[in-house]
Structures are given as C-alpha cells and as structure tokens.
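**Student:**
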Amino acid sequence: MTTRDKTRRLLSQLLPEALLLLLARLAIAAIFFLSGRTKVQGLFTLKDSTYDLFQYEYALPLIPPEFAAQLATGAEHLLPLLLVLGLFTRPAALALLGMTAVIQLFVYPAAWPTHLSWAALLLPLVASGPGAWSLDRAVLNGKLLRRT
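See the structure below:
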C-alpha cells in the first residue's frame, strides 16, 4: 500500500462522509436560520423593517413583497430545522439552493462569492443526501417505523 493510499484511508477514517455531510447541514442551517431570526421579533412576528426590506431593497419580480417576506422568513426557519434533523434533506437543500439563486440573481448579484460558498454546502446535500447521521437515513432503514 502506497503512502498516498494510507493517507487517503486515514483521512476517510478521521473524516467520514457522515461527519462531512452533518457539518454541511449544520453550517448552512445556521446561516439561513440566523438570517431568518433577524426578520422577526419574538417567536415569529415579522418586523415592519422586514416588510420594508422586501418592498424597497429586495423588490423581487412577480411576487408581492408582503408574501415574499412571509415566505422567505418561514423558509429560513423551517428548512434549516429540517437540515439539522436530517429530515427531507434533499428537498430542503434544493429549496435553499433555489432561494440562494433568487438572492444571487435579483437581490445581491455582487455577493456571488458568498452565494457560491452556500451552494458548495448545499450541493453535496442535494447530490448525496444527509448522510448516515440523520432522520432520513433512520426512516429509510426502518428504524423509526418498527413497532416494539
């Protein structure tokens, strides 16, 4: 076995795919959840400033600003929670990737390095799923559905 093979094997043991996917889920969930928390007061009351942001600064095409504010804020709370749990991971990651694309195209096009880093965390989740340490995997394996 070559040194290169030994190094690869060691790194695979130290950094298993399940750990890398969990870290990706947690990292991107934190970004979106914290963004969602800036838009609300209390548990889930949208701030007036949130509506102003969507009306004047974000100004998305085709979507009324009040609806966009509620939809985006709700998504920024629900989808990260799903990612942390590893539940419906692929659809949640795909939805956040779509949100990232909308932000990139219509809101902050100059922030492409940030959006690219978000996409780099989301794409493996879309492609590979949540990994072994997730509710998705537990449900798929039938561990949560078995009766005792």
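Numbering follows this note's numbering, in which position 38 of the sequence shown is assigned residue number 61; successive positions increment by one, without gaps. Yeah, the Cβ is synthetic: ideal placement off N, Cα and C, and Gly gets one too. Quantities reported herein were computed from a predicted structural model and do not represent experimental measurements.
(1) Where does T61 fall in DSSP's three states?
(2) In three-state DSSP terms, what is T25?
(3) Based on the DSSP output, what are the partners of L21 in its beta bridges?
(4) Just confirm the distance between the C-beta atoms of G109 and R48, as a whole number of angstroms; I'd bet it's less than 8 Å.
(5) For F56, which residues in the same chain have their Cβ closer than 7 Å to its Cβ, ignoring the five residues on either side in sequence?
(6) Could you tell me whether the stretch 137-157 touches the stretch 38-48, using the rule of 3 or more Cβ pairs below 8 Å?
(7) State the Cα-Cα distance for the pair L163 and P114, rounded to the nearest angstrom.
(8) Taking Cβ positions, are I51 and L146 nearer each other than 8 Å?
(9) Thinking C-beta only, is A95 closer than 8 Å to V149?
(10) How is I86 classed by DSSP in three states: helix, strand or coil?
(11) Which same chain residues end up closer than 8 Å to T172 when comparing Cβ atoms and leaving out the 5 residues on each side of it in sequence?
**Tutor:** Looking at the atomic coordinates:
(1) coil
(2) coil
(3) No answer is possible for residue 21: the residues shown for the chain start at 24 and end at 171.
(4) The C-beta separation of G109 from R48 comes to about 6 Å, placing the pair in contact by the 8 Å criterion.
(5) E99, H100, P103
(6) yes
(7) 15 Å
(8) no
(9) When the beta-carbon positions are compared, V149 and A95 stay at least 8 Å from each other.
(10) Three-state result, I86: coil.
(11) Absent from the model: residue 172. The displayed extent of the chain is 24 to 171, so no value can be given.
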